[in-house]
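Participant: Quick one: the structure is below, and I'll ask about it shortly.
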Amino acid sequence: TSDLSTLAGATNTVTATTALSGTAVSGIAVDPTTDTAYFVNVQSGTVSVVDGATGAITGTVGVPTSSAASVAVDPTTGVVAVANTSDNSVSILTPPTIVSSDTTTFTAGSSGTFTFDATGSPTPTITESGTLPSGVSFTSGGNGTATLSGTPAAGSGGTYDLTVTASNGMGTSATQNFTLVVPSPPTITTTSTSTTFTEGSSGSFDFAATGSPTPSFTETGSLPSGVTLSSSGALSGTPTQSGVFPIVVTASNGESPNATLDFTLDVDGPPTITAPFSSESAQFGQAITPVTFATSGYPAPAVTESGSLPTGVTLSSSGVLSGTPTQGGPFTITVTATNSLGADSVHFTLDVDQSPAITSAASATFDAGTAGSFTITSTGYPAAALSLTSSSKLPSGLTFTDNGNGTATIAGTPASGTGGSYDVGVDATSASGSAGQVLDVLVDAKPTFTSQSAISLDAGSTVSFTITTSGGYPTPTISATGLPTGLTFTDNGNGTASIAGTVASPGVGNYNPVVVATNSSGTASQDIDLTIQASGTPVTDCPTGDTCSGSKTATAPTITSAAATTFLEGSSGSFQVVASGTPTPTFTVTSGALPSGVTLSSAGVLSGTPEVAGTFAITITAENGISPDATQSFVLTVTAPPAAPSPSPSPSPSPGFGGGGGGGGGGGQPVPAPAQMVSPKGGATFDTGRGGSYQIQAFGTPAPSFSVTSGTLPPGITLSPSGLLSGTPTTAGSWTFTVEASNGVGQPTSETFTITVAKPTVVVVAPSGPDYRFVGRLYGALSLKTTTPISLAGVHESTHGSVLESLDTTFGFAAKGGIARVHLVIAHDTRVVALTKVVHGRRVVVGHRRVAYYGGVLGLVDPEHAGDLVFRSFAGVAMHGKTATGVAIGELKLAKRVKVALVVHGHKRLVWRTHVVEEPLRFGFSVTPSVS
34 TSDLSTLAGA TNTVTATTAL SGTAVSGIAV DPTTDTAYFV NVQSGTVSVV
84 DGATGAITGT VGVPTSSAAS VAVDPTTGVV AVANTSDNSV SILTPPTIVS
134 SDTTTFTAGS SGTFTFDATG SPTPTITESG TLPSGVSFTS GGNGTATLSG
184 TPAAGSGGTY DLTVTASNGM GTSATQNFTL VVPSPPTITT TSTSTTFTEG
234 SSGSFDFAAT GSPTPSFTET GSLPSGVTLS SSGALSGTPT QSGVFPIVVT
284 ASNGESPNAT LDFTLDVDGP PTITAPFSSE SAQFGQAITP VTFATSGYPA
334 PAVTESGSLP TGVTLSSSGV LSGTPTQGGP FTITVTATNS LGADSVHFTL
384 DVDQSPAITS AASATFDAGT AGSFTITSTG YPAAALSLTS SSKLPSGLTF
434 TDNGNGTATI AGTPASGTGG SYDVGVDATS ASGSAGQVLD VLVDAKPTFT
484 SQSAISLDAG STVSFTITTS GGYPTPTISA TGLPTGLTFT DNGNGTASIA
534 GTVASPGVGN YNPVVVATNS SGTASQDIDL TIQASGTPVT DCPTGDTCSG
584 SKTATAPTIT SAAATTFLEG SSGSFQVVAS GTPTPTFTVT SGALPSGVTL
634 SSAGVLSGTP EVAGTFAITI TAENGISPDA TQSFVLTVTA PPAAPSPSPS
684 PSPSPGFGGG GGGGGGGGQP VPAPAQMVSP KGGATFDTGR GGSYQIQAFG
734 TPAPSFSVTS GTLPPGITLS PSGLLSGTPT TAGSWTFTVE ASNGVGQPTS
784 ETFTITVAKP TVVVVAPSGP DYRFVGRLYG ALSLKTTTPI SLAGVHESTH
834 GSVLESLDTT FGFAAKGGIA RVHLVIAHDT RVVALTKVVH GRRVVVGHRR
884 VAYYGGVLGL VDPEHAGDLV FRSFAGVAMH GKTATGVAIG ELKLAKRVKV
934 ALVVHGHKRL VWRTHVVEEP LRFGFSVTPS VS
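Spelled out as structure tokens, the structure:
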């Protein structure tokens, strides 16, 4: 054998010893360029290739003869020549070279072939490394060639980088970086569908896409000025405008189809706001022409206002000023547009012209002989001028002054003897209109007695005489002390009093009773010289018109006056109850209640100032000691006050103001006035099965009565003549009707009303549980007395991901007011009535039996009512022990006809069987309940 020793040049020492192939080395050649040595083995006919740096044999190459004697190498080309002594031939050995192309293209789904070629001696072997697409393989031919062949699988498009190597033992192997291209259409991989730039600032966003060849990008739509999209997918630039810019981004590479992405570029910009004009005029009670404030900026700015707008007018967040003002005057606001980048403002004034209305009280009180004042106020814009009507006169001593700012003052000292009530007409006038008011000027005065003070009576006689006063205001109350036995004293409530009765026979003598008259202005008293003389003695000093002697037959009382009257809320009223009978009866209220501010005197005077409107039913009893007492069912109607009337511009006094009086004794008689509806327009809301009422009101003299002239009232609701809508509605819905108010004066007035009867509210009580959730919603009503539809919709969802072999979910619902509560239970131990399902397009029947309803109150027997449970099921659903595959859509029916008797005692349960895997169970349930 032969060995190769490698020496270190510096030290001439052996650094490595390598055994050479063969038994005799006959020649050696060294390539100085590659530091490679070639040794000829004469006996084996081989050439050993040795790495000069390491001394390692990198290859052994055979030659066609066994008599290779010498070897030579060309350092320029790397060609090795071996001399053969047996036949005097030379063998040429060359390193490998790959001569085929470094790229090729296959098409997905189509067969392709490519051949690799390499030169060299001996013939090279070709190999590859890298990843090939599915369906393509590499085959080495062993003859200096190799083949890439196959059909790339669908979806395998792309660029595949391979390393191809050719080796033949001669020196370094040849390598080639090879590219296999499988073209594929582009796919945009960017997931975001929007980005945000800022106006005036640079921004960028990059789109990405896959595909072979590499896709390029384009866009369609409208980009803001200053922003562009490059072919490489870079969206960039400095936008000069704000807003929302939708575009469609397209990636293309010559392969179909192109990829597209709907994309939105949001450009944020600071807000601006402008007003169409600086001010606007409007009318009170009329809708204004909407004023739109123009805004720009992004995000879209929110519009707000500061300052004071009239009631009824609002500014929307989008910058529209609209509404119906219910206040008059100038209203200045600052309107501001705001977004995340800042704010901008503009000033605006809304002038609301309002017709004047007098807002001060309708009465003013003075004291005779005492200085006083009263201020009349009004609303409206511009401020109204105030004046008295031409027919109005103030009590002597009082004057009227317009203050020039929508107010006026009545001031002064009423003269002595001017006590009473004076109707004074007040006008309020401005450029926006006019208004009027009847002002009741009250002058309080101390009373004085006008009846005589000396009276003579016969003992045993039945008598009646009157005590009178004058000049007192308000009407004084009168009392007496010191009357003899048999005589009674009655304050008549109108500034007079009565002394009546039968003078006791033993009561002969002189008496000095004292009568006292009192009002808010003071007290007056009178001593009466009363003489009781023996029977038959002539009666003297008897007041004119009174009976002071003789006898009368005692009779039981009888009420002879009307059984109803009408007062006006907030105004003084009076009505005399009259009864016959001897002795003179006295009156009391024995049942019912009068409104606050109104009383009935023992003399039968119903009087006072009612504080609340309405209808007040009472029982009046008249008694005089003779049985039986008289009773009367009496109705006092108190109407709401009318709106202030507008006075007539003519110089003659109008009925609304009455004309007033300047004398001392109280006001004039009520003036008939036509009926006028004062209830708000619109209507009222009742609940089904619940009692309710609504009072319709009108004013007029005499009091109006009400009737329905068109339309229909809801079943169970009636309208009384006094305008009271009341009752218990039985049917839900909406009813529109017209109500007329009339009192025989002028034309009747009418108004359209709407009553809405609502269904009772139903509250759903949802359950909770560790492995599921149930959400239910109930519509309609539940009642033990009516037949009302009920509907239920909900979701049941499994959270643990397995088939629910057992499911028991409970929920409850109750009608408004707690009429009833029913529990609905989904249980695992109940089968369905009927189930039809679809499996892979084929309809099959699964099986059924009756639903169980615990408690026995649900029967499937009534042919007039029906109920359905509808749900969707999914793959792997188990029903009645059978497993269905694929998506199934089914309908679970309780029965063709279902009767539900809702008897609520204990826990009544409706149950059916369901199973669900992972996906939620969605269902709806509806029944019509009835009470059997």
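Sequential numbering of the sequence shown, starting at 34, is according to the working numbering. Glycine included, C-beta positions come from ideal geometry on N, C-alpha and C. Just so you know, these numbers come straight off a predicted model, no measurement behind them.
#1: Apply the 10 Å Cβ neighbour rule to Thr69 and answer buried if 16 or more other Cβ atoms are within range, or exposed otherwise.
#2: Mind reading off the beta-carbon distance from Gly153 to Ala114? Whole number of angstroms is fine, and I expect it under 8 Å.
#3: Helix, strand or coil for Met710? Go by DSSP, reduced to three states.
#4: If distances are taken between C-alpha atoms only, which option among Thr178, Gly756, Gly466, Ala404 comes closest to Ser429?
#5: Would you please state the rounded distance, in angstroms, between the beta carbons of Pro246 and Pro216? I believe it to be under 8 Å.
#6: When the Cα atoms are used, what is the spatial distance from Val58 to Val94?
#7: To the nearest whole angstrom, what separates the beta carbons of Pro546 and Gly505, a pair I think is in contact under 8 Å?
#8: Taking the alpha carbon of Ala487 as the point to measure from, which residue in Asp477, Thr564, Thr718 has its own alpha carbon closest?
#9: Any idea what DSSP makes of Gly60, helix, strand or coil?
#10: What is the DSSP secondary structure of Asn372, reduced to helix, strand or coil?
#11: I'd like the ranges of any alpha helix (DSSP H) spanning at least 4 consecutive residues and lying wholly in the stretch 297 to 368.
#12: Label Asn121 either buried or exposed according to how many other C-beta atoms from any shown protein chain fall within 10 Å of its C-beta, with 16 as the threshold for buried.
#13: With DSSP as the reference, label Ile788 as helix, strand or coil.
#14: For the beta strand (DSSP E) holding Asn776, just list the boundary residues, first then last.
#15: Would DSSP call Gly270 helix, strand or coil?
#16: Between the alpha carbons of Val496 and Val622, how many angstroms are there, rounded?
#17: Check Gly453 in the structure and name its three-state DSSP category.
#18: Should the stretch 384 to 392 be called in touch with the stretch 440 to 449, which here means at least 3 C-beta pairs below 8 Å?
#19: Please list the segments of the beta strand (DSSP E) lying wholly inside the stretch 143 to 221, counting only runs of 3 or more residues, in order along the chain.
#20: Just grab the DSSP bridge partners of Phe139 for me.
#21: For Gly777, is the classification buried or exposed, using 16 other Cβ atoms within 10 angstroms of its Cβ as the cut-off for buried?
#22: Express the C-alpha separation of Ile159 and Ser134 in angstroms, rounding to a whole number.
#23: Could you spell out where the beta strand (DSSP E) holding Gly78 opens and where it closes?
#24: Would you identify the three-state DSSP class for Thr510, choosing helix, strand or coil?
#25: Spatial neighbours of Thr178 within its chain, please: C-beta separation below 8 Å, excluding the five flanking residues on both sides.
#26: If you drop the 5 nearest sequence neighbours on each side, which residues of the same chain put their C-beta closer than 8 Å to that of Val353?
#27: What span of residues does the beta strand (DSSP E) with Glu252 cover, start to end?
#28: Note down the Cα distance separating Thr109 from Pro129, rounded to an integer number of angstroms.
#29: Alpha carbons only, please: which of Pro754, Val790, Phe240 is nearest the one belonging to Thr767?
#30: Pick out whichever of Leu752, Thr192, Gly259, Glu252 has its Cα sitting closest to the Cα of Asn291.
#31: CB-CB under 8 Å to Thr261, same chain, minus the five flanking residues each way: which ones, in chain order?
#32: For the beta strand (DSSP E) that contains Thr521, what are its first and last residues?
#33: Got a sec, what are the start and stop residues for the beta strand (DSSP E) Ile443 sits in?
#34: Apart from the five residues just before and just after Thr222, which ones in its own chain have a Cβ nearer than 7 Å to its Cβ?
#35: Could you spell out where the beta strand (DSSP E) holding Thr588 opens and where it closes?
#36: Would you tell me roughly how many angstroms separate the C-alpha atoms of Thr467 and Ala441, rounded to the nearest one?
Facilitator: Looking at the coordinates:
#1: Label assigned to Thr69: buried.
#2: The Cβ separation is near 15 Å, so there is no contact.
#3: The answer is strand: DSSP assigns Met710 an E or B state.
#4: Measuring C-alpha to C-alpha distances from Ser429 to each of Thr178, Gly756, Gly466, Ala404 identifies Ala404 as the nearest.
#5: Pro246 to Pro216, Cβ: 7 Å. Contact.
#6: Approximately 14 Å, taken between the alpha carbons.
#7: With 8 Å as the limit, Pro546 and Gly505 do not qualify as a contact, their Cβ atoms being about 20 Å apart.
#8: Sorting Asp477, Thr564, Thr718 by C-alpha distance to the C-alpha of Ala487 places Thr564 at the top.
#9: In the structure shown, Gly60 sits in a strand (DSSP, three-state: E or B).
#10: In this structure, Asn372 counts as strand in the three-state DSSP scheme.
#11: None, since the stretch 297 to 368 contains no complete alpha helix (DSSP H) of that length.
#12: Exposed: under 16 other Cβ atoms inside 10 Å.
#13: Ile788 falls in the strand class under three-state DSSP.
#14: Unbroken run through Asn776: none, as it is neither H nor E.
#15: Per DSSP, reduced to three states, the secondary structure at Gly270 is strand.
#16: Roughly 26 Å separates the two Cα atoms.
#17: Here DSSP, grouped into helix, strand and coil, assigns Gly453 to strand.
#18: Two segments are said to touch when three or more pairs of C-beta atoms, one from each, lie closer than 8 Å; by this definition the stretch 384 to 392 does not touch the stretch 440 to 449.
#19: The beta strand (DSSP E) runs of length 3 or more contained entirely in the stretch 143 to 221 are, from start to end of the chain, 145 to 154, 158 to 163, 169 to 173, 178 to 183, 191 to 200, 207 to 215, 217 to 221.
#20: Looking at the DSSP assignment, Phe139 forms no beta bridge with any residue, so it has no partner.
#21: So Gly777 ends up on the exposed side.
#22: For Ser134 and Ile159, the distance between alpha carbons rounds to 14 Å.
#23: Annotation for Gly78: no beta strand (DSSP E) segment contains it, and DSSP assigns it neither H nor E.
#24: In the three-state scheme derived from DSSP, where H, G and I count as helix and E and B as strand, Thr510 is classed as strand.
#25: Hits under 8 Å: Thr148, Phe149, Asp150, Ala151, Ile159.
#26: Shown here for Val353: same chain residues with a beta carbon closer than 8 Å to its own, the five before and five after excluded, namely Pro323, Val324, Thr325, Phe326 in chain order.
#27: Glu252 -> beta strand (DSSP E) spans 249 to 254.
#28: Distance between the alpha carbons of Thr109 and Pro129 is about 15 Å.
#29: The residue asked about is misnamed: residue 767 is Ser in this sequence, not Thr. Ranked by Cα distance from Ser767, the options Pro754, Val790, Phe240 are led by Val790.
#30: Minimum Cα distance to Asn291 is reached at Glu252.
#31: Only Leu268, Ser269, Gly270 meet the Cβ criterion.
#32: In the DSSP assignment, Thr521 falls within the beta strand (DSSP E) that extends over 520 to 524.
#33: 440 to 445 is the extent of the beta strand (DSSP E) around Ile443.
#34: Hits under 7 Å: Ala241, Ala242, Thr243.
#35: Residue range 588 to 592 is occupied by the beta strand (DSSP E) that includes Thr588.
#36: Residue 467 is actually Ser in this sequence, not Thr. Going from the Cα of Ser467 to the Cα of Ala441 covers about 15 Å.
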